[in-house]
Amino acid sequence: MKHTFVAGIMIFFCLILSTGHAPADGQADTPVTIGTGDVTGVFYQAGGAVSRIVNRKRQQYGIRCVVESTDGSVYNINAVLAGTLDFGFAQSDRQHQATYGGADWQEAGPQGDLRAMFSLYSEACTLCVAEDAGIRTIMDLKGKRVNLGNPGSGHRQNSIDALTAAGMDYKKDLIALEDKASEAPRLLQAGKIDAFFYTVGHPTGAILSAIAGERKVRIIPMNDVAKKLVKEYPYYVRTLIPIKYYRSAVNTEDIHTFGVRATLITSARVSDRITYAIVKEVFENFGHFQSLHVAFKALEKEKMLENPSASAQFHPGAIRYYKEVGLMK
Ligand code: GLU
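What the sequence shown shows, in our numbering, is residues 11 to 339, in sequence order.
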């Protein structure tokens, strides 16, 4: 009798394991890590949105997405390539540079294992300045304390490109700081910096907190710089920041600048099963996904597959889904 009971229990556990489904307590779920950015940015929100949607099907797929706040695009690409993250958000310019061995990947060369999933909203290079610092154009940054962004972020290179296009040498013509975007609003309000750059989707917590303080803040248009940069680089586009999101800023009109797209990347090492599940759940629950952040509202499925947002090859698991639904031939 006792033996029959023990055998029964063993058969029960074997059956659970052989179904491939996660047990109810979720212990056997495969954790899938997604690198984002600062908690005050939009990458973090996007990571949360993807996870929320995919994790509803935890039982079916046996995967559980986990979002990590990171240094940003460059960090995410390198971590995904090194296998310490499964997925990461990255600016489309950074995806392009990693794919072809430019900028931060000049020494390492083209990163052939990088794979694209899809792209999302547009990220605008945003230059916030303290009104009392007397800055009206990017040229006025000369001699000022300017946060360009932390190493590992995507926006740091955009700040450098903007300054270079404006004819400035960021190493000589100003006091360049390397703080995280989440620190910049506090530093600006405390009078420790005069300005900061941040390439980000809008609206975003970082800019909202920068303009919410006592020190008045202006967002500087970069029209001329944008015109130059789109001619020079294939991945920059002209874009604008709607002022309606930032009513407490000194500006009253939309701000013309340049930008890139936010994209989700992975590596060839990640399984088709996982990439297929993520793409499928986001695309099949599109309305819900769009409702999770204002920046996602204007998304269109077809545009999420466009170049140059995806300069890396698409992951085969993503391709499988896109072909199934006719988004790809
Ligand atoms: N674009 C920034 C970066 O690549 C991050 C923006 C965000 O966190 O939303 O580092």
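By construction, the Cβ of each residue, glycine as well, lies at the ideal position given by its N, Cα and C atoms.
Note that this is a predicted model, so its numbers are computed, not measured.
According to the DSSP assignment, L250 belongs to the beta strand (DSSP E) that extends over 247 to 251.
The nearest non-hydrogen atom of ligand 1 is 6 Å or more from the C-beta of S169. Sequence-distant partners of G223 (beyond 5 residues in either direction) whose C-beta falls short of 6 Å from its own C-beta, in its chain, are Q199. The alpha-carbon of V240 is positioned some 22 Å away from that of R146. When C-alpha distances from F293 are compared across L250, L315, L95, the shortest belongs to L315.
Taking 4 residues as the shortest admissible run, the stretch 79 to 149 contains the following complete alpha helix (DSSP H) segments, listed from N- to C-terminal end: 83 to 92, 102 to 110.
A108 sits away from F324, with the two beta carbons spaced by 7 Å or more.
Runs of the alpha helix (DSSP H) spanning 4 or more residues and lying entirely within the stretch 258 to 304 occur at 282 to 294, 296 to 300, in chain order.
A Cβ-Cβ contact shorter than 7 Å links G269 with E133. The C-beta of V90 has 16 or more other C-beta atoms within 10 Å across all chains shown, which makes the residue buried. Listed in chain order, the non-local C-beta contacts of G162 below 6 Å within the same chain comprise D81, G82, V84, Y85, local neighbours out to five positions each way being set aside.
The residue among A305, D48, T267, G336 with its C-alpha nearest the C-alpha of N160 is D48. Across the set T276, A216, I217, the C-alpha of T276 shows the shortest separation from the C-alpha of I87. In terms of side-chain proximity, the C-beta atom of V52 is found nearer than 6 Å to a non-hydrogen atom of ligand 1.
Under DSSP, Q323 takes part in a beta bridge, and its partners are R125. One Cα belongs to D96, the other to A143, and the distance between them is close to 43 Å.
If you draw a straight line from the Cα of A92 to the Cα of R225, it is about 42 Å long. Collapsing the DSSP output to three states places V49 in coil.
Taking a contact as a CB-CB distance under 8 Å, the pair A308 and G211 does not count as one, their CB atoms being some 11 Å apart.
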